[in-house]
Structure formats: C-alpha cells, structure tokens
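These protein sequence lines are chains A and B, in that order. Counting in numbering that gives the first Met the number 0, the first sequence runs without a single skipped number right up to 467 at its last residue. Counting in numbering that gives the first Met the number 0, the second sequence runs without a single skipped number right up to 106 at its last residue. Idealized CB from N, CA, C, for every residue including glycine. Below is one structure; the comments refer to it alone.
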Amino acid sequence: MLRASAACEKAGFPTSSLTCEGFFKQGKATSIGLGFPNIGLALVPGHIGTKSTEQLRQDILHTTLDEVIKNLTSFDQVGQASQEPHPKAVVARGDFFAINEQFYASGYTDGLPIVPPTQTLIDAFLSYTELEADEVLGVMLPDKRAATVWSVAVNGVMAGCKPQYMPILIALVQAMADPSYGVEHSGNTPGADTLIILNGPIIKELAFNDQQGALRDGFMPNTSIGRFFRLYLRNVAGFHLHKTDKATFGNTWRVVLAENEEVLAEIDWPTIGMDMGFARGENVLTIARYSGGGSLSSVSGSTPEQLLPYLADSIERFNNWQITFTTSHGNGTLRPLAVITPILARSLANAGWSKLRVQEWLFEHARRPAWEFERQLKEWNIRGTWNLTKDAKEGKIPALFLESEDPNRLVPIVWKPSDLMIAVGGDPLRNNAYVFAHNAFLGFPTAKKILLPKNWSERVRSPSQGSA
Amino acid sequence: MSEPQHNGWFEALWPRGALQQKKLNLAPRLESLKGKKVAQLWDDLFKGDVVFEILEQGLRQRFPDIEFVSWREFGNTHGADEKEALKRLPDKLRELGVDAVISGMAC
C-alpha cells in the first residue's frame, strides 16, 4: 500500500495511506526507504479484522477522517537523516564480548554471538570470488541499501560461515535481490521464512548434510548459511522486528536443504535446480519463502496409488489460507513444496513414475470443494469482495476452476502440475515427508548459479563433519 | 586461582550498506478538498471496500461537492502484478483528472 502511495507522490499526487495501529511503526520505518519519510499515514485504531461494522464506522469517522484531510492538505517537515558510517568503516573496537555487545546494541545481530568481522577475515572471504568488493549485486527494500560483495563477506564472517562458502553467499544475495523473489515482502505478518535449497557437487565438496536430519541445525554449512540469510535481511535489506519486520510469530532461520543428488541421479528424476532451468551437475541455489507446513509420518504403501493420497491430502491441508495466492490476488504464484525421502522417491520411481507423473497425480488429487475454497478466503480470511466464479469468468484464473457451478466440485490449489514442487532429501531409509506451505509472490522460487573462483578444486579441502 | 580470560582484541567493520534512496519531496498539498476529485486505491485486503464507503460518507458531509474515483477503477495495487499496476497508476490518475489519493489498507 505504501509503495502505491509513494508512486502517486512521485507523480505529483498528494496521498493519505490508511494504516492500522499495529502497522504505524512499520509504515514510518518503511517510508524512509521509499524516499518519503514524512508520507501521510492516517490511523485506523486497533485492527480492522476484529471490529464490527459499527465499531469500524465510529473509528473511521472519529479518528481516520480527520487524519486523511490533514494528510492531503498539509505535511510535516522532517529534519536531515543522521549520518551513517562509511560502508567499510570500523564501527566497534574491543574484545570478543565488547564487540558482541556493541553489535547487539546497534541492532546488527540476531541475539546470538557473532564472529567479529575484521578486515583479515573479510579479505579471506573476498578471496573466494572473482567479483570486486564494491560490486553491487542489487538494492533491497525496505532500507534500499546497496547489496555489495563486501557486505556479503562481512555478514558471512558474522554468521560463522567459512570463507569457502562465499560463492554460495553471493548466489544467495543475487537471488534475494532478484525482483522475481520479492524481498521487499519479507516483513509481512504471516512471518514466513525462506528455505535455501542447494544442488550440485558443492554439496559434497563443502560437506553439507544431505542425509538424515536435513532440516535441522548441526552441520556448519547448512546452519551458518541459513543464519547468514537472516543477518543479511536484517543488516542490508533492513528488516528489524518491531519496526519493518511485522512477523506475527515468525521462526528462527531455516538451515540449507541439500538435496540427495545421488538418489535423484540414480532414479533419473530432475533436481530442484533442474526444475529451475539448470543442468544436472551444476551448482545451483534456489530460494523460496514458506509460511508453514509440517511433517508427514510414515507414508505407507508399496505402489504410487497407495503412497500418494496421504501426500496429496497433506499438501492440500497445509496450504490452507495460502490458496489466496491461487486466485487473481496471487496470480497463481503458489508453489507448495513437498520434500520426500529417498526411500519414497525410489519406491515411486521403481514403479516407473517420473517426477512429472507424480506431480500430475498430486495436481489431480490435492483438491478441495469449491465452497470450502471460497469460505476460507471470503469468510475466514481477508478477501471479502473476492469471488472464485468471477475470477474464472474474467479469465483471471484457469477455466478448470469453474468446470461447473456445483459448489461441491473439486478445485485444485495451484494452476498446473509443475507448480507442486518436489525435492528429495532427509533420512534415506525413513518413509516420512515434509510439506511446505508457500508464500507465493512474497518469496517466489528464484534460482541462481553458483560461480566458483579459479583454482576452486585445489583450494577446497575436505572440511570436517559437523555433529556426526 | 582462575586464569585471566583472553578474549582477543578486534576492530569490527560495519555490516550494513550505503543507503541508495535520497529524501524526495512530497507532492504539493491541496488547500482544501472542496470541489476536488479523490481516487481510492485498494490492495483488496482488510475490508477496504467498507472503509472507503464510510470515508466517502464522512468526506461528503464536510465537502458536499467532493468527487471520488472508486477503487474498482484501478484494480488491486498489491498482488502479484503490483509492479505493473503501479507503473500504470500515474497516467491513469492524470487521465481521470484526480487531485488526491487515499490508499489502503495496511493492517
């Protein structure tokens, strides 16, 4: 909403932005990165979702109305912004604990100790890229800061990464800065968290955990790169809790998911990296943001028809309110992710099923009655004026959502089979799965190739295992 | 007797990045809403349809000759097509002779 207001102000139209009480601080903080620190916000007391129409009327007429008029006829002057350090400035001196206290007090850390980013350590990271330190990889909202190779190295040091992770960190920031990902939405209220999926020989070269416990901390590359993502969001994009990050609950960062490439090659299924347009054997990183999900225990059966109903049902159930992105609002950008274990993938492949055939089956069966689909969004969620039939008749969603007027007809939760993403990982010999509920265009799957420096093979030694 | 701790001595560098956005000037404000045309922009969320209806009534009471361009005219300003929708906005506002904009809903 504020981005719309900023676009209008730039074009010469005075604006007033209707802002619920809980969003006021975020509105103020976000407006700085948009260039209008004094953009007019009109307060809507409390939260709209819990008011009766009569209460809402009282609040709008007694509070919001005056603020709208004030915003459109006057504005507050603002002073000069305070001077910030030079991007390569030393900002703290002292011992390990003093540095950590200063960094925590300045809002640079996540609450855990960081490795002090010194020039020597930063240089070690920079030695693992052919790019110049000052190269700008992108500019990220809400702060609208330059995402440089230098700042990647600084935050990589802080997160506890090793210098040889630098090529992955650069690809990660390139993906974050890609407009298709939508980093500017990272502070939205569902508090979704990004999953980094890794493919390629780099998994083995840097000793990522691609086996049992694939989504749990305990292995340095998986964990520290996950932490790096969150630190970079904080320090460069500018997402801070109680200001620009409005996660209602949120989670700790997710560790990197390294796919089980050997099994995927053995059964000749494409990796996630291949689904994203790259070749088998290329080092590729894919990110997407997920607002929920959960594990499926004991997916049982000896045929695809016995194994898949449980998975289809879970994909449909875990992606609950997220179906708002299946409609015109999200333009079909919902991409649920199912992570299945090697034993499940092998069972499906041994029956002659390709990954696409599995996706097609899931597409046909991960469905819900149209009346339930509409109830979720119109009555329970926030889309009171929206209508599934209207969306379909206006061609804003595929015709298969309106094959009849029967409210009990089953409708899919995505537009096409390949929208249901499937990764392979986790405990090779356990028949469990994990389903992620996606946050659609507010964290759309985005992949980047990982570019290695010269002499990579010689420079990468065999790193020790984490908590094996 | 405990040994003294050796926690090192460090010079730590700034982890952020240079701001790329300069402060811009807001659009000139109106002297009054009397006789003005006000556009409603909505992100299709949080009962904006109800809020705009109430606001319209309240503003009409104070400025009887005020005009409105409904949110229906502009479509969703936030969904997956946000970037394209915002690009189209300035021309659309000019074409419709709009003087000011009310944008919602941040909740």
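Original post:
Would a C-beta distance cut-off of 9 Å place Val90(A) and Ala17(B) closer than the cut-off?
Top reply: Between Val90(A) and Ala17(B), the C-beta spacing is not below 9 Å.
Subject >> Proximal residues of chain B, C-beta to C-beta of Trp252(A) below 9 Å >> reply: Neighbours of Trp252(A) on chain B: none; closest Cβ ~16 Å, over 9 Å.
Original post:
To which residues of the same chain is Ala28(A) closer than 6 Å at the C-beta, ignoring the five residues directly before and after it?
Top reply: Cβ neighbours of Ala28(A) beyond the five flanking positions: Lys242, Thr243.
Original post:
Nearest to Lys447(A) by CA position, among Tyr180(A), Thr63(A), Lys50(A), is which residue?
Top reply: Checking every option, the nearest Cα to that of Lys447(A) belongs to Tyr180(A).
Subject >> Through-space distance from Pro63(B) to Leu32(B), alpha-carbon basis >> reply: Rounded to the nearest angstrom, the two C-alpha atoms are 10 Å apart.
Original post:
With which residues is Leu336(A) paired in a DSSP beta bridge?
Top reply: Residue pairing by DSSP places Leu336(A) opposite Met420(A), Phe435(A) in a beta bridge.
Original post:
Among the residues of its own chain, which have a CB less than 7 Å from the CB of Phe23(A), if the five just before and after it don't count?
Top reply: So the list reads Leu40, Leu42, once near-sequence residues are dropped.
**OP:** Give the DSSP-derived three-state secondary structure of Arg288(A) in the structure shown.
**Re:** The answer is strand: DSSP assigns Arg288(A) an E or B state.
**OP:** Grab the span of the alpha helix (DSSP H) containing Lys24(A) for me, first residue to last.
**Re:** That run of the alpha helix (DSSP H) goes 23–32.
**OP:** Indicate the three-state DSSP secondary structure (helix, strand or coil) for Ala398(A) in the structure shown.
**Re:** Taken through DSSP and simplified to helix, strand or coil, Ala398(A) comes out as helix.
Original post:
In chain B, which residues lie with their C-beta within 8 Å of the C-beta of Trp385(A)?
Top reply: Among the residues of chain B, those whose CB is under 8 Å from the CB of Trp385(A) are Asp43, following chain order.
Subject >> Within chain B, partners of Phe227(A) - CB distance below 7 Å >> reply: Among the residues of chain B, none has a CB under 7 Å from the CB of Phe227(A); the nearest is roughly 11 Å distant.
Subject >> Check whether Val148(A) and Ala132(A) have beta carbons under 9 Å apart >> reply: Yes, Cβ-Cβ distance for Val148(A) and Ala132(A) is below 9 Å.
Subject >> Alpha-carbon to alpha-carbon, Arg367(A) and Tyr309(A) >> reply: Roughly 14 Å between the two C-alpha positions.
Subject >> C-alpha distance - Asn24(B) paired with Ser102(B), whole-angstrom precision >> reply: Just so you know, the alpha carbons of Asn24(B) and Ser102(B) end up roughly 18 Å apart.
Original post:
By DSSP, does Arg92(A) sit in helix, in strand, or in coil?
Top reply: Annotated three-state conformation of Arg92(A) is strand, per DSSP.
Original post:
So, using beta-carbon positions, are Asn319(A) and Gly293(A) closer together than 9 Å?
Top reply: No.
Subject >> Glu378(A), buried or exposed, once every other Cβ within 10 Å from all chains shown has been counted against 16 >> reply: Classification for Glu378(A): exposed.
Original post:
Since Asn198(A) is in the beta strand (DSSP E), which residue starts that stretch and which ends it?
Top reply: Looking at the DSSP string, the run of the beta strand (DSSP E) that includes Asn198(A) is 192–198.
Original post:
Any idea what DSSP makes of Gly465(A), helix, strand or coil?
Top reply: Its pLDDT being 43, under 50, Gly465(A) is placed unreliably by the model, and the measurement read from it follows with that caveat. Reduced to three states, the DSSP call for Gly465(A) is coil.
**OP:** Have a look at the DSSP bridge pairing and note the partners of Ile101(B).
**Re:** Ser15(A), Gln39(B).
**OP:** Report buried or exposed for Ser466(A), applying the criterion of at least 16 other Cβ atoms within 10 angstroms of its Cβ.
**Re:** Residue confidence is low: Ser466(A) scores 42 on pLDDT, short of 50, so the model does not pin down where it sits. Its coordinate-derived value is still stated next. Answer is exposed; the Cβ neighbour count stays below 16.
Original post:
Does Glu30(B) have its Cβ less than 9 Å from a Cβ in chain A?
Top reply: Using a CB distance cut-off of 9 Å, Glu30(B) counts as an interface residue toward chain A.
Subject >> Candidates Ile224(A), Ser105(A), Gly26(A), Ile195(A), of which the one nearest Gly442(A) by Cα >> reply: For the set Ile224(A), Ser105(A), Gly26(A), Ile195(A), the Cα lying nearest the Cα of Gly442(A) is the one of Ile195(A).
Subject >> Among Trp360(A), Arg458(A), Tyr433(A), His437(A), the one whose alpha carbon lies nearest that of Gly212(A) >> reply: Answer by Cα proximity: Tyr433(A).
Subject >> Element boundaries [beta strand (DSSP E), containing Lys448(A)] >> reply: For Lys448(A), the enclosing beta strand (DSSP E) stretches over residues 445–448.
**OP:** Have a look at Phe276(A) and Gln56(B) and give me their C-alpha separation to the nearest angstrom.
**Re:** This sequence places Gly at residue 276(A); Phe is not what is there. Cα atoms of Gly276(A) and Gln56(B): separation of roughly 53 Å, rounded to the nearest angstrom.
Original post:
Can Met0(A) and Asp48(B) be called in contact, C-beta distance under 9 Å?
Top reply: Going by C-beta atoms, Met0(A) is not nearer than 9 Å to Asp48(B).
**OP:** Could you pull out every residue in the same chain whose Cβ sits closer than 8 Å to the Cβ of Pro427(A), ignoring the five residues on either side in sequence?
**Re:** Hits under 8 Å: Gln210, Gln211, Asn259, Val262, Thr340, Pro341, Ile342.
**OP:** Just confirm the distance between the C-beta atoms of Ala344(A) and Val423(A), as a whole number of angstroms; I'd bet it's less than 8 Å.
**Re:** The C-beta distance from Ala344(A) to Val423(A) rounds to 5 Å, short enough to fall under 8 Å.
**OP:** Reducing DSSP to helix, strand and coil, say where Met275(A) ends up.
**Re:** Residue state, collapsed to three classes: coil.
Subject >> Residue burial classification, Leu399(A) (beta-carbon count within 10 angstroms, cutoff 16) >> reply: Label assigned to Leu399(A): exposed.
Subject >> Per-residue burial, Pro13(A) [other beta carbons within 10 Å of its own, 16 or more giving buried] >> reply: It counts as buried.
Original post:
Between the stretch 6–18 of chain B and chain A, which residues of the former have CB atoms less than 9 Å from a CB of the latter, in chain order?
Top reply: Within the stretch 6–18 of chain B, the residues whose Cβ lies closer than 9 Å to some Cβ of chain A are Asn6, Gly7, Trp8, Phe9, Glu10, Ala11, Leu12, Trp13, Pro14, Arg15, Gly16, Ala17, Leu18, listed in chain order.
Subject >> Leu130(A) versus Gly394(A): straight-line alpha-carbon distance, rounded >> reply: Leu130(A) and Gly394(A) have their C-alpha atoms roughly 45 Å apart.
Original post:
Does the beta-carbon distance from Pro416(A) to Leu333(A) come in below 9 Å?
Top reply: Pro416(A) is not a Cβ neighbour of Leu333(A), given a cutoff of 9 Å.
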